[in-house]
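Report on one structure; see the data block that follows.
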Amino acid sequence: MARIRTIKPEFFKHEGIFDAEQETGLPLRLAFAGLWTQCDREGRFAWRPRQLKVDILPYDELDFLRVLDALATRGFIVKYASVSTAE
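Quick look at the structure:
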């Protein structure tokens with residue numbers, strides 16, 4: 000379930016994510032902020048690139064898996080496996 004989140008003004012001045020966006024040509028800043036709306040209270044989200052794309056960037060022509068990989072490679076998000084009773 001999507002959640003309402005707030006963004007601190009400092010986010011827009013983060014050089015690391017800006018540099019990553021320039022390097023990849025992907026909308027990493029908007030996607031990263033959009034991921035926050037898909038996270039639970041612990042900051043976890045399901046690694047479902049197609050669904051995340053629909054929820055975050057529905058009108059953009061891009062492979063959201065590339066976005067997730069770019070964020071993970073640069074340490075903005077961490078991918079891990081977990082055992083879950085709910086799907």
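Using numbering that gives the first Met the number 0, the letters of the sequence shown map in sequence onto residues 0 to 86.
By construction, the Cβ of each residue, glycine as well, lies at the ideal position given by its N, Cα and C atoms.
The alpha helix (DSSP H) enclosing residue i, as first and last residue numbers
i: ILE35; result: The residue you asked about is not Ile; residue 35 is Trp in the sequence shown. Unbroken alpha helix (DSSP H) run through TRP35: 27–35.
i: ASP18; result: 14–23
i: ALA71; result: 63–72
i: ARG49; result: 48–55
Residue from the options whose Cα sits closest to the Cα of residue i
i: SER81; options: MET0, LEU25, ALA45, ASP18; result: ALA45
i: THR5; options: GLY33, TYR79, PRO57; result: GLY33
i: ALA1; options: PRO8, GLN37, PRO57; result: GLN37
Residue i, buried or exposed, once every other Cβ within 10 Å from all chains shown has been counted against 16
i: VAL77; result: exposed
i: PHE10; result: exposed
Integer-rounded CB distance, given that residue j should sit under 8 Å from residue i
i: ASP165; j: PRO26; result: Past the boundaries of the shown model lies residue 165; the chain is included only from 0 to 86, so the question cannot be answered.
i: LEU70; j: PHE31; result: 6 Å
Pair every Cβ in the region 11–21 with every Cβ in the region 47–65, then say whether three or more of these pairs are closer than 8 Å. Using a Cβ-Cβ distance cut-off of 8 Å, the region 11–21 and the region 47–65 are not in contact, since fewer than three pairs of beta carbons, one from each stretch, lie closer than that value.
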